[in-house]
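Residue numbering for the sequence shown is 12 to 362, as defined by my numbering.
By construction, the Cβ of each residue, glycine as well, lies at the ideal position given by its N, Cα and C atoms.
Remember, it's a predicted structure, so these values are computed and weren't measured experimentally.
What follows is one structure encoded as structure tokens, with my remarks underneath.
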Amino acid sequence: MRVARAYALDDVRVEEAPVPELSAGDIGVRISVCGVCSSDTLGWYVKRKLPAVLGHEPVGVVETVTPEMEVDLEVGDRVFFHHHVPCMNCRACQRGFYTSCRRFRETALDPGGFAEFARVPAEIVRLDVLKLPDEISDEAGVFIEPLACSLRAFGKLALDPGESMWVLGAGPMGLLNIRLARHFGAQPIIASDPVAVRRDYAQRTGADLALDPSAADFGDKLAEATDGWGPENVIVGPGSAAAIESTLAHVAPGATVLVFTPTSPEASVDYRPHDLYFKEVTITHSYSAGPTDTREALELLAGGAIEVEDLVTDRFGLEGVGEALQLVKHYGESLRSVIYPGGLGVKVKAI
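Written out as structure tokens, the structure reads:
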């Protein structure tokens, strides 16, 4: 089979590789399409994995099954499959912190989503392979994992209808968060992004207001939009200490600030606990998603509650993985890129 193997973010090579052999309980999937996540371009995060076949937002068709499978899957089924699963038994899992489970970080697809075929290990088959209903297209299916990540984050915010929401970053994940905020009844919904075309798209597709965080009057407009209180719920999309620090300077009393993207290991946030104490501000974090989140995401997509297909702006075959990674890293008009391992080579702009 063919794979796109990354040796560095600017060095991705299409290579021949053996189709992975299946063990008991595994399935073999021909990958139809795989989304390109911004985490695939976090240099410090990806470096420890390289060389590697990246890609963890896949949809495919079951091509091989094993007699030892514990779930009802057949050859020809169209499926979403997660790249990590928890054990469901440890202390972290019992408390609902599935992504802190040791097995969650140990499990993985073989070799990854940017390949023509993948072996889905038995643990993942048992816990987080989902059949796709006819009403969900392949491109909508690649949003199950990212939407699940957003749902897990919103579960930690405990947003009540009528509360204000500020989403930092209006890339594809920020736009998903804006749409979920609308779905859960946030009011008003404020987006911020330094890229004008993304601010425009955010306001056209769910945000009540989209602001430039570098503008001199940014703080005044943010306060005005929230009746002088500041936002009550915040999702910090950029993985930077500066973004977190900026957020803490503008939030409402009793606000919850959720850090959605990891910072580098060396980064530290400078804030005054005194200020957060007397404003009773909560800072929390959300990493990835578990099996309950992916099922909820599938339900929302199947029911038409969240629109996602308009977020796909770029489509490539395996030869375009390197270019797709650069589009994510040097963002502009592009939103979500998707890879068709079987070949496509067509670029479509939705904005």
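Asked                                                                                                                                                                     : Found
Can you name, in chain order, every residue of its own chain whose Cβ lies under 6 Å from the Cβ of Arg-24, other than the five neighbours on each side?                  : Arg-16
Where does Lys-142 sit, in a helix, a strand or coil, going by DSSP?                                                                                                      : strand
Among Thr-237, Val-86, Ala-227, Met-176, whose alpha-carbon lies nearest the alpha-carbon of Ala-218?                                                                     : Met-176
Given this structure, state the Cα-to-Cα distance separating Leu-346 from Pro-183, to the nearest angstrom.                                                               : 5 Å
When DSSP builds the beta bridges, which residues end up paired with Trp-177?                                                                                             : Ile-201, Val-245
Using the three-state DSSP reduction, which class does Tyr-288 fall into: helix, strand or coil?                                                                          : helix
Would you tell me roughly how many angstroms separate the C-alpha atoms of Ala-197 and Gly-265, rounded to the nearest one?                                               : 16 Å
Measuring CB to CB, does Val-14 end up less than 8 Å from Ala-119?                                                                                                        : no
By Cβ distance below 7 Å, which residues in the same chain neighbour Met-12 in space, the five residues on each side in sequence not counted?                             : Ala-28, Val-30, Ala-126, Glu-127, Phe-128
Kindly indicate which three-state DSSP category Tyr-212 falls into: helix, strand or coil?                                                                                : helix
Any idea what DSSP makes of Asp-321, helix, strand or coil?                                                                                                               : helix
Just to confirm the assignment: which complete beta strand (DSSP E) runs, minimum length 3, are found wholly within the segment 38 to 64?                                 : 38 to 46
Enumerate in chain order the residues of its own chain whose CB-to-CB distance from Tyr-18 is below 8 Å, with the five nearest sequence positions on each side excluded.  : Arg-24, Leu-61, Pro-62
Compare the beta carbon distance of Phe-92 and Ile-135 with 8 Å and say whether it is the shorter of the two.                                                             : yes
Go through its chain and collect everything with a Cβ distance to Lys-358's Cβ below 6 Å, but skip five positions before and after it.                                    : With a pLDDT of 42 at Lys-358, under the threshold of 50, the modelled position of that residue is not reliable, and the figure given next carries that caveat. Contacts found: Asp-325.
According to DSSP, is Leu-220 part of a helix, a strand, or is it coil?                                                                                                   : strand
Which same chain residues, not among the five before or five after Glu-81, have their C-beta less than 6 Å away from its C-beta?                                          : Arg-137
Whose CA, out of Gly-173, Val-73, Asp-139, Ile-200, lies closest to the CA of Met-99?                                                                                     : Asp-139
Please classify Gly-66: is it buried, with 16 or more other beta-carbons within 10 angstroms of its beta-carbon, or exposed?                                              : buried
Flag this pair as yes or no: are the beta carbons of Val-178 and Ile-246 separated by less than 8 Å?                                                                      : yes
Under the three-state reduction of DSSP, which class applies to His-341: helix, strand or coil?                                                                           : coil
Excluding the five sequence neighbours on either side, which residues of its own chain have a C-beta within less than 7 Å of the C-beta of Val-73, listed in chain order? : Ile-38, Val-40, Leu-84, Glu-85, Val-86, Gly-87, Asp-88, Val-90
Using the C-alpha atoms, what's the distance from Ile-317 back to Ala-252?                                                                                                : 30 Å
Within the continuous beta strand (DSSP E) that includes Pro-273, where are the two ends?                                                                                 : Unbroken run through Pro-273: none, as it is neither H nor E.
What's the gap between the Cα of Glu-277 and the Cα of Leu-269?                                                                                                           : 20 Å
Here's the rule I'm using: 16 or more other beta-carbon atoms within 10 Å means buried, otherwise exposed. How should Ser-299 be labelled?                                : buried
Near Val-262, what residues of its chain come up, given a Cβ to Cβ distance below 7 Å and the 5 sequence neighbours on each side ignored?                                 : Gly-241, Pro-242, Val-245, Val-268, Val-292
Roughly how many angstroms separate the alpha carbons of Tyr-212 and Leu-158, rounded to a whole number?                                                                  : 18 Å
Checking 8 Å against the spacing of the C-beta atoms, do Asp-51 and Leu-336 come in under that value?                                                                     : yes
In or out: His-296 buried (at least 16 other Cβ within 10 Å) or exposed?                                                                                                  : exposed
With DSSP as the reference, identify every bridge partner of Pro-69, one or two as the case may be.                                                                       : Cys-45
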